[in-house]
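J.: If you scroll down you'll find the structure; I have some questions about it.
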Amino acid sequence: MMNWPFDADVPKHEWTKIAASGFAGAVPACVYDGARLDGGVPLGALGTGYFTLEGNGRIGRCSIYNDIVPPRHDATEWLTLRVGNASLPLSTARIAYWGHYPVADLVARFDEKPLDIGIRAFSPFVPGDRAASNTPAALFELEIRNRGTEPLECELAIVPPQPKKDDATGALAGEGLAAYSGKDALRGTVGCQLAPGASSRIRFSFGWYAPCWRDSGSEAHVHRYAQRYDSAQTVAEDALGRFDELLARVLAWQQQVYDSDHPDWLCDWLVQSLYSLAKNTIWIARTRSDEWWGEDGWFTHNESHTGCPITETMVCRMHGHFPALLFFPELEATTLDAFRHFQIEDGEVPFTYGRETSMRDPRYHCQHPLNSGQYAQMVYRLFLRTGDKDRLAYFYPSVKRAIQYQYTLDDDGDGLVNDQAHVRPGECWPANQFYDIWPWWGTSAYVAGTWLATLSIGKAMAKLMADEAFGAEMNDWLERGKKAYQEKLWTGQYYRLWHDPANSRSCDVSLGNQLMAEWCASIAGLPGVLPEEQVKTALGTIKRLNMHATAYGLVNGVTPDGAPYDTGLCLPGDHATHTFVGESLCAAMTYMYRGHQETGLEIARRLYEAIALKSASPWNQRCLLNGKTGLPLWGDDYYSNLVVWAVPMALARQGIQAFTKGEGLVTRMMTIRGPRE
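Residues in the sequence shown are numbered consecutively from 77, following our numbering.
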């Protein structure tokens, strides 16, 4: 097969190194047989909408014209080669597929005619450049090669996703491209003549423009990109004019990841994970004086527009906000400011802004033992990323009220937030914490541990704000809470799942991520809140029980004798017996922070290989994997999996502030502009 845009003559569905256009030297990759791929690369970026270029050569899901939840499923041909009387849709070719978000590289071979075609399609996604990354366009370069012995005259017919609403438009632009845009069709054609063994290159761009939309609450909004563009044609022409610059910048930041000292599979996961920003983000503009958000607009990341559409689920963003935090902190600030805005009088911060795409329908008293404290932790993370003390001062009164609200969730005065399952007898939902179909009672290792970390982080913020009284208050809560945590949960080998002495019941299950307190503190660059010797012992137990119980990360819940725990409540999607990807990653990072990099990397590798190799779904990463098979179980395109962007920090044993200083990976990705720099 041809070797542009990459060398496709490599083993499929396994880690390899490939030569690829635009990269210096071979880069890590997994090349797929397109027919076996579970979802293609989404073309789109920050708040632009997207469409997927599938492994079968067709367009798949599409949200660019405001079909956001659910995204429409086109399953249409977008590229057809016409040679004489023969019509060759791309889907009839044998396709080798290498994606590296935001780029989809395809090498296709037709059997009916002696033609090969190489395709490079990409959208501008440039860490640190929010404007470029908010360009509603996809750019294409095609190389058609005649592998036969006779000259061929070809015509390429291009049919991008079609607008189906009066206020949405698309446009094509390209040298030599004849574009037609009528009421019922948008298409383009371009011809080429190929001598035997010869090839021809074609470039074009596709822009879309659907500036106005209504969310699920029927509230009207304007997309941020509408403040920079006035038509689809303007978008297409602007993107085409910057083709080389944009492609160079995309490949340059990817080169930085590939050149890092991380394992090949981790480099791939870091690059691919960012696809979620295309599939799940919305960025609205400020267009009226009565809108409370600022001139930067309002940026949101959904739990999953395709799987569980909820706008900015707090417990998911606790894990998944790292790309926004690291690469677009100004956008992260707009998201946190919305939670501040929706905070109610008693200090409670909402679980979400609303269901589906609703942005002003906040929900309270749902997973509230976690939400307000997690909000406080993320405000501190933003400070660590930016060093902006004035912004911290802006958020601080809200943070203080959020922490004080959580005081009210301590039912027994021991200094710990208690679980508040809202289930009826015999039911599993709503369990009212992140493992939302697995009810816990009394004091749990996860919820109470997260609270201890919140208190430690709150103390750090109080010190920065010179609030000695509140710092002392939190210290009192922290010391009482740490004592109760040991007394109620430590078994001698690990922290039990939960303990409810008021009702004479407990659960001695070992939770894979029982040390969430330690991960939260480590990410923030603070000392752990649990005794070091007990953390060491618990890590040994988790490896012996939870890791041993599956070949795919960690089983969430394991009994003391090593069996996956069956709650008997919610099969087959029971959280307890399966693997929660984001949570297993947090546990893996806790191993890394404690000097057990090999174990942490092995947990993470098993997770990603289940996703990328076994399921061939790097652009449809699920929340929950079957603990026995590693196959997807629930939660398409899941927000919390973006926590993988905290893994390089954990490997370096650094918190956010130290990791983002100097000339490290984040800085290099955000500042490099081309392959020669």
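Ideal Cβ placement from N, Cα and C applies to all residues, glycine included.
Look at residue 588 and residue 474 and say whether their C-beta atoms are less than 8 Å apart.
T.: Residue mapping note: residue 588 aligns to position 512 of the sequence shown, counting from 1. Residue mapping note: residue 474 aligns to position 398 of the sequence shown, counting from 1. For the pair residue 588 and residue 474, the CB atoms are not nearer than the 8 Å cut-off.
J.: Considering only the alpha carbon of each residue, which of 657, 716, 715 lies closest to residue 708?
T.: Here residue 708 corresponds to residue number 632 of the sequence shown, with the count starting at 1. The option with the nearest alpha carbon to residue 708 is 657.
J.: Count the other CB atoms, across all protein chains shown, that sit within 10 Å of the CB of residue 364; report buried if there are 16 or more and exposed otherwise.
T.: Working through the sequence shown from its first residue, we reach residue 364 at position 288. Answer is exposed; the Cβ neighbour count stays below 16.
J.: Count the other C-beta atoms from every protein chain shown that fall within 10 angstroms of the C-beta of residue 575, then say buried if there are 16 or more, exposed otherwise.
T.: Residue mapping note: residue 575 aligns to position 499 of the sequence shown, counting from 1. Burial call: buried.
J.: Tell me, to the nearest whole angstrom, how far the beta carbon of residue 755 is from that of residue 471; I am working on the premise that it is less than 8 Å.
T.: Here the chain has residues from 77 to 753 only, and residue 755 is not among them.
J.: What are the boundary residues of the alpha helix (DSSP H) that includes residue 374?
T.: For the purposes of this step, residue 374 is taken as residue 298 along the sequence shown, with counting starting at 1. Run containing residue 374: none in the alpha helix (DSSP H); it sits in the beta strand (DSSP E), 374 to 377.
J.: Between the beta-carbon of residue 718 and the beta-carbon of residue 395, is there less than 8 Å?
T.: Taking the first residue of the sequence shown as 1, we reach residue 718 at position 642. Taking the first residue of the sequence shown as 1, we reach residue 395 at position 319. Closer than 8 Å, so yes.
J.: Quick check: the Cα distance between residue 415 and residue 451, rounded to an integer number of angstroms?
T.: Numbered from its first residue, the sequence shown carries residue 415 at position 339. Numbered from its first residue, the sequence shown carries residue 451 at position 375. So the alpha carbons of these two residues sit roughly 8 Å apart.
J.: Is residue 324 near residue 633, with beta carbons less than 8 Å apart?
T.: Counting from 1 along the sequence shown, the entry for residue 324 is found at position 248. Counting from 1 along the sequence shown, the entry for residue 633 is found at position 557. Cβ atoms of residue 324 and residue 633: not closer than 8 Å.
J.: Rounded to whole angstroms, how far is the Cβ of residue 672 from the Cβ of residue 741, which I believe are closer than 8 Å?
T.: Numbered from 1 along the sequence shown, position 596 holds the residue referred to as residue 672. Numbered from 1 along the sequence shown, position 665 holds the residue referred to as residue 741. At roughly 22 Å, the Cβ-Cβ gap does not stay under 8 Å, so residue 672 and residue 741 are not in contact.
J.: What is the rounded straight-line gap between the Cα of residue 194 and the Cα of residue 82?
T.: Indexing the sequence shown from 1 puts residue 194 at position 118. Indexing the sequence shown from 1 puts residue 82 at position 6. C-alpha separation (whole angstroms): 8 Å.
J.: Which same chain residues end up closer than 6 Å to residue 481 when comparing Cβ atoms and leaving out the 5 residues on each side of it in sequence?
T.: Here residue 481 refers to the residue found at position 405 of the sequence shown. Cβ neighbours of residue 481 beyond the five flanking positions: 422, 423, 424, 448.
J.: Which stretch, first to last residue, makes up the beta strand (DSSP E) that contains residue 584?
T.: Along the sequence shown, one-based indexing puts residue 584 at 508. Here the beta strand (DSSP E) through residue 584 covers 581 to 587.
J.: Between the region 262 to 282 and the region 244 to 253, are three or more C-beta pairs nearer than 8 Å?
T.: yes
J.: Quick check: the region 482 to 494 against the region 520 to 531, are there 3 or more CB pairs under 8 Å?
T.: yes
J.: Starting from the Cα of residue 502, find the closest Cα among 253, 627, 647 and give me that residue.
T.: If you number the sequence shown from 1, residue 502 lands on position 426. Checked all of 253, 627, 647; the closest Cα to residue 502 is 647.
J.: Which partner residues of residue 75 appear in the DSSP bridge assignment?
T.: The chain is shown only over 77 to 753; residue 75 falls outside these bounds and no answer can be derived.
J.: For the region 654 to 693, list the alpha helix (DSSP H) runs that are entirely contained and at least 4 residues long, ordered along the chain.
T.: 657 to 669, 673 to 685
J.: Considering residue 355, what are the terminal residues of the alpha helix (DSSP H) in which it resides?
T.: The sequence position of residue 355 within the sequence shown is 279, counting from 1. Counting along the chain, the alpha helix (DSSP H) containing residue 355 begins and ends at 352 to 356.
J.: Once you ignore the five residues that flank residue 752 on each side, which residues in its own chain have a CB closer than 6 Å to its CB?
T.: As a first step, residue 752 must be located in the sequence shown, where it is residue number 676. Only weak support is given to the placement of residue 752: the predicted model assigns it a pLDDT of 43, under 50, and the question is left unresolved by the model.
J.: Which one of 92, 120, 101 has the shortest CA to CA distance from residue 107?
T.: The residue labelled residue 107 in the question sits at position 31 within the sequence shown. The shortest C-alpha separation from residue 107 is found at 92.
J.: Would you call the CB atoms of residue 755 and residue 300 closer than 8 Å?
T.: Beyond the ends of the chain as shown, which are 77 and 753, falls residue 755; an answer cannot be given.
J.: Determine the burial state of residue 47: buried for a count of at least 16 other Cβ atoms within 10 Å of its Cβ, exposed for fewer.
T.: This structure gives no information on residue 47, because the portion of the chain shown stretches from 77 to 753.
J.: Within the region 724 to 750, note down every full alpha helix (DSSP H) run reaching 4 residues or more, in order along the chain.
T.: 732 to 735, 741 to 747
J.: Could you spell out where the beta strand (DSSP E) holding residue 719 opens and where it closes?
T.: Numbered from its first residue, the sequence shown carries residue 719 at position 643. It is not in any beta strand (DSSP E) - residue 719 carries neither H nor E in the DSSP assignment.
J.: Would DSSP call residue 164 helix, strand or coil?
T.: In the sequence shown, residue 164 corresponds to position 88, counting from 1. If DSSP states are grouped into helix, strand and coil, residue 164 belongs with the strands.
J.: According to DSSP, which residues form a beta bridge with residue 192?
T.: Locating residue 192 in the sequence shown gives position 116, counting from the first residue. DSSP lists 185, 221 as partners of residue 192.
J.: Below 8 Å, how does it come out for the region 535 to 545 and the region 578 to 588: are there three or more Cβ pairs, yes or no?
T.: With fewer than three CB-CB distances shorter than 8 Å, the region 535 to 545 does not count as touching the region 578 to 588.
J.: Hey, could you find the ends of the alpha helix (DSSP H) residue 392 is sitting in?
T.: Taking the first residue of the sequence shown as 1, we reach residue 392 at position 316. 390 to 396 is the extent of the alpha helix (DSSP H) around residue 392.
J.: Quick one: what's residue 214 bridged to in DSSP?
T.: By one-based count along the sequence shown, residue 214 stands at place 138. DSSP, once it has assigned bridges, lists 282 as partnering residue 214.
J.: Excluding the five sequence neighbours on either side, which residues of its own chain have a C-beta within less than 7 Å of the C-beta of residue 626, listed in chain order?
T.: If you number the sequence shown from 1, residue 626 lands on position 550. Result list for residue 626: 655, 703, in chain order.
J.: Which residues does DSSP list as the beta-bridge partners of residue 562?
T.: For this step, residue 562 is matched to residue 486 along the sequence shown. Answer is none; residue 562 lacks a bridge partner.
J.: Could you tell me whether the region 728 to 737 touches the region 452 to 466, using the rule of 3 or more Cβ pairs below 8 Å?
T.: With a cut-off of 8 Å, the region 452 to 466 and the region 728 to 737 count as touching, because enough Cβ pairs lie within range.
J.: Under 8 Å between the Cβ atoms of residue 431 and residue 385?
T.: Here residue 431 refers to the residue found at position 355 of the sequence shown. Here residue 385 refers to the residue found at position 309 of the sequence shown. Yes, the pair counts as a contact, with Cβ atoms nearer than the cut-off.
J.: With burial defined as no fewer than 16 other Cβ atoms inside 10 Å of the residue's Cβ, what is the status of residue 256: buried or exposed?
T.: Reading the sequence shown from its first residue, position 180 is the one you call residue 256. Burial call: exposed.
J.: Using 8 Å as the threshold, is the C-beta distance between residue 329 and residue 720 below it?
T.: Here residue 329 refers to the residue found at position 253 when the sequence shown is read from its first residue. Here residue 720 refers to the residue found at position 644 when the sequence shown is read from its first residue. Contact: no.
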